[in-house]
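Residue numbers (our numbering): 65 to 298. Where is the CB? At the ideal position from N, CA and C, for every residue including glycine.
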């Protein structure tokens, strides 16, 4: 086999290895989120603490989540692996606590249906991104602008309680995070390629957690937007 063949083979092995670890870390994060959400709705004392004392505790947790995501995204390659794992786990738990509110707003059947559809869509798009020869890196600018537009539309929706608008907003969110799933999957592949064969074990863990965080966020947002659609069927 030529040197080029060996290099190509090594690249594929690195890609498969890092993607496998990304998916494992993502699954671990989702498991923590689900466990935390179930703990909240099953513990009256926690419910009272979080939702029985006004909106301050809940929004404090939401702000804390944003801070953790921003800090982890920016500093992960300079922190210890134990710190990276700890912050990712803490964020997953906090998100489970705040996301537990869906059990009071939607029927369990709608929640499970939205989760199942989200899992299927996520798997299809992530697999497609891994196997396709199409380069999605050029979509970054358009995805960013779409995210800004979605945020603005969400703010408008707070004051514009129109059923059609809300449905279109939710559908747009599903489409955006479906595309973002494929985009981020290829981003993780590029991270693996740029790291090369000389990447150490610690950096490998950091890259895996960074990738898991990105795909975790894509999945959670896709799920929540789908839930807004399925929840209308109650």
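Measure the C-alpha to C-alpha separation of residue i and residue j and round it to an integer number of angstroms.
i	j	result
residue 204	residue 252	14 Å
residue 267	residue 274	10 Å
residue 220	residue 214	10 Å
residue 289	residue 269	30 Å
residue 271	residue 255	8 Å
residue 189	residue 81	19 Å
residue 76	residue 283	25 Å
residue 143	residue 151	10 Å
residue 119	residue 163	14 Å
residue 217	residue 248	23 Å
residue 175	residue 166	8 Å
residue 108	residue 193	43 Å
residue 227	residue 292	11 Å
residue 70	residue 139	The predicted position of residue 70 is uncertain, since its pLDDT is 40 and thus under 50; a value taken from the coordinates is nonetheless stated next. Approximately 33 Å between the Cα atoms of the pair.
residue 79	residue 117	48 Å
residue 104	residue 199	42 Å
residue 238	residue 145	32 Å
residue 180	residue 208	27 Å
residue 185	residue 123	30 Å
residue 225	residue 285	21 Å
residue 106	residue 197	47 Å
residue 171	residue 128	28 Å
residue 230	residue 86	33 Å
residue 169	residue 102	15 Å
The alpha helix (DSSP H) that contains residue i, what's its start and end?
i	result
residue 221	204-223
residue 139	120-139
residue 148	145-163
residue 184	172-195
residue 282	265-294
residue 200	Unbroken run through residue 200: none, as it is neither H nor E.
Residue i and residue j: beta carbons closer than 9 Å?
i	j	result
residue 114	residue 161	yes
residue 178	residue 294	yes
residue 96	residue 132	no
residue 158	residue 125	yes
residue 88	residue 276	yes
residue 279	residue 245	yes
residue 173	residue 287	no
Which one of the options has the shortest CA to CA distance from residue i?
i	options	result
residue 136	202, 149, 96	149
residue 201	157, 99, 243	243
residue 195	250, 101, 172, 88	250
residue 212	240, 230, 185	240
residue 264	159, 141, 184	141
residue 281	130, 224, 83, 235	130
residue 99	156, 236, 169	156
residue 83	257, 123, 206, 234	257
residue 210	128, 233, 197	233
So, does the CB of residue i fall closer than 9 Å to a CB anywhere in chain C?
i	result
residue 232	Given the protein chain composition of this structure (a single chain), no chain C is represented.
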